[in-house]
Amino acid sequence: MRSGTSPRRTRPLTAALATAAIIAGSAFGMGTAAIAAPQLSSAAVQAEGDSSDSILRIATSGHVDSFNPFTSIYLTPTQILRNVYENLVQNDETDGSPTKGLADSWTVEEDGKRWVYKMQSDLKWSDGEPITSADPKYTYELMMNDPQLGTANGNLVSNFESVEAPDDETLIINLKTPQAPNPGLEIPVVPKHVWEKIDDKADYANDTDVVGSGPFLLSSYSANQSITLKSNDNFWQGRPKIDGIQYIYYTNSDAQVQALRSGDVDFVSGLTPTQFNALEGSDGITTHAGEGRRYTSISINSGLKTPEGESYGTGSAALQEKAVRQAIRLGTDSESLLKQVLDNEGTVATSFIPSAFSQWHLSDDASVIKQFDPEAAKTELENAGWKVGADGIREKDGKKLSLRLYVDADDPTEQSIAEYFKPWMQNIGISIDVQSSDSDTISDKTMTGDYDLYFSGWSVNPDPDYQLGINTCANLPDAEGNNGTTQDGYCNPEFDKLYAEQRSELDHDKRVQIVQQMLSLNYDDTAQVALWYGKSLEAYRSDRFTGFTTQPSDGGMIAGQAGYWSYINVEPVAGSSSTSSTTVGLWVGAGVLAVIVIGGVIFFVRRGKRADDVE
């Protein structure tokens, strides 16, 4: 199972010292400095090209599984791929509704079973080759015929019967059953003339001199150091107003904030409320709190199985009892977590469809919703045969109700949630063994089912079809986590039946009702405990760049959009300079240890691949 979902960052010696350093650095005008270790090779974190006033520099700590659009599911590479490859149909910047991409227009025939697209004329790939209907046909058929190439988005073509390209400007998708969601959405279309020459497509890294059709092109990638994009002269909406984008790696979020202050980067997202508040009102910096499209949850191992029904993993047998899972929900005070951990920068979650998509979101007053009620949780467990032992922990058949909770040792948000969650569970008779580890280890364990509970979360698209689809039995991966993308290892045939119904329901209001039934069913089954929908807290150097676009346009987010609108209208502020004489940091040795000075405080930052936000 794919894992690692909430941002996982490597912290300095203590979070308190780091926050103090940010404030101190601001007050005394201190920047960042690097300390080189003797007898070790080094490379500056700042990537090439940052001397240009027209290069937007973005701080990141995102894990890259690959830049292969057929297999990548992590947030950072997926967001970059949104900028590299145009879809047949794009999500509109205003409200996320379907709008033209490679296709100029489309018609629906045979009561939703046949979708006919008219391609835009005279479009070109970045290498000058023409874009024709043969490209999406080739892309879709690769995913239809090879399960490995359907890892990321295979669910979106699962209803495809066949794809036709009768001429260069016409594409026809024939479906097995009528389909309400536009089948041209969310699938990056690759150039046939490039990919047909690649032998092992599933393992292709696709990280250098990429041929694309979006506003930006992936130029180079240096693992855990930088990702470089350049503007695409052939982008059909016109070349972006900046020359390119550089993602510069910091494994410490506080160092990212200080880099923004000192001018080493121009944009930072994923801020904590403390960081966001500290940046408000800073000279040359604009803060932005947008409604996000992510949810955060506690994922529960309710008994993982392969598509063939073979059980795997080490999850507690107790979690296969719905009563135990529901008791965990009843014993978790999400409102307190939102207030105490997130400083109310978000809303309490009901399901895995965020409140930003109000028409699909499971309403707070839905009959299935249960409020925080420890006494009801105790009753649930008691009725299920879990009796309180002498030590206050419940037991049944000689086994204690003890569960493991994996927490990223470098994520202060997860650590804070765990501090509240453990005593809440203790109160209802469940022992929680909080096991702090690095994100690599957590990713490996959750992928193979070696867990009970861990923190999860996904970014959700304007149409819920994809997110609903990865909760079906058909999307379960094998015991090694291959050939499928599942949200929580969830599998319920009734949910699957409803999924097929909603996909084929062309009456919008009826489809909404079916989706509500699905979310209610998943809520009752309790495959996860959704905690909150956090706001997207961002900040940028408004003294250098302007023109950032939000999605949706009214109160939306800049980074992490379901589209490529974030930076295509960004331009340098007249007379500004994007150069900085400060070095952000210095990776020492084989990218293992960085020594950074912030505000006079030394931070040793252990590097490592992190399990980033899942898209």
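Heads up: take any position in the sequence shown, counting from 1, add 85, and you land on the numbering used here. Note that CB positions come from ideal geometry on N, CA and C, so glycine has one too.
Nearest-angstrom Cα separation, counted from residue j out to residue i
i    : j    : result
W191 : Y380 : 32 Å
S419 : N654 : 38 Å
A408 : V274 : 45 Å
W471 : F506 : 20 Å
Y649 : R167 : 6 Å
D450 : T531 : 33 Å
K315 : G400 : 45 Å
S382 : L616 : 5 Å
R588 : K198 : 11 Å
E480 : W543 : 34 Å
A374 : V658 : 22 Å
T184 : E271 : 12 Å
S347 : A340 : 10 Å
F245 : I258 : 7 Å
F152 : S307 : 12 Å
Y202 : P266 : 14 Å
A188 : C558 : 32 Å
I413 : Y536 : 16 Å
E365 : T634 : 20 Å
Y608 : N386 : 15 Å
A503 : T432 : 19 Å
G388 : G574 : 8 Å
L606 : Q572 : 15 Å
K484 : S516 : 12 Å
L622 : E178 : 19 Å
E393 : L345 : 50 Å
D550 : F437 : 12 Å
F361 : T631 : 19 Å
S247 : D349 : 50 Å
Beta-carbon proximity of residue i to residue j, cut-off 8 Å
i    : j    : result
F352 : I140 : no
A441 : Y170 : no
P276 : E194 : no
T498 : F457 : no
G514 : L466 : yes
S206 : P547 : no
S311 : Y332 : yes
S354 : S541 : no
P268 : L260 : yes
K222 : L256 : yes
L447 : L604 : yes
I478 : L486 : yes
D628 : S661 : yes
Limits of the unbroken alpha helix (DSSP H) element including residue i
i    : result
S419 : S419 to Q425
H593 : H593 to D610
N362 : P358 to L364
R414 : K407 to L415
G554 : D550 to G554
K582 : P578 to S589
W321 : From DSSP, W321 is part of no alpha helix (DSSP H); its letter is neither H nor E.
A290 : Unbroken run through A290: none, as it is neither H nor E.
V279 : K277 to W280
Boundaries of the beta strand (DSSP E) in which residue i is found, first to last residue
i    : result
D177 : Where D177 is concerned, there is no enclosing beta strand (DSSP E), given that its DSSP letter is neither H nor E.
E246 : F245 to D252
K203 : R199 to M204
A340 : Element bounds for A340: not the beta strand (DSSP E) but the alpha helix (DSSP H), S338 to S347.
W191 : A188 to E194
F506 : Premise fails: F506 lies in the alpha helix (DSSP H), P497 to I513, not in any beta strand (DSSP E).
W543 : L538 to S544
Q520 : S516 to S522
Y306 : F301 to S307
N259 : T255 to L260
Y170 : Segment: none, Y170 is in no beta strand (DSSP E) and carries neither H nor E.
T145 : I140 to T145
Y223 : From DSSP, Y223 is part of no beta strand (DSSP E) but of the alpha helix (DSSP H) over A219 to N230.
Q331 : G329 to Y334
Identified DSSP bridge partners for residue i
i    : result
V614 : I383
E480 : K472 and K485
T557 : In the DSSP output, where bridge partners are listed per residue, T557 has none listed.
H373 : E623
K185 : V174
Any chance the region 397-405 sits against the region 585-600, with 3 or more Cβ pairs inside 8 Å? The region 397-405, when compared against the region 585-600, does not touch it at the 8 Å Cβ threshold.
The region 563-573 contacting the region 458-469, beta-carbon criterion three pairs below 8 Å: Contact fails: fewer than three Cβ-Cβ distances are below 8 Å.
Whether or not the region 547-566 and the region 508-524 are in contact is what I'm after, with contact meaning three or more pairs of Cβ atoms, one per stretch, closer than 8 Å; do they touch? As far as the Cβ criterion goes, the region 508-524 does not touch the region 547-566, which means the pair count is below three.
If contact is defined by three or more beta carbon pairs under 8 Å, each pair taking one atom from either stretch, is the region 228-247 in contact with the region 285-295? Yes, they touch.
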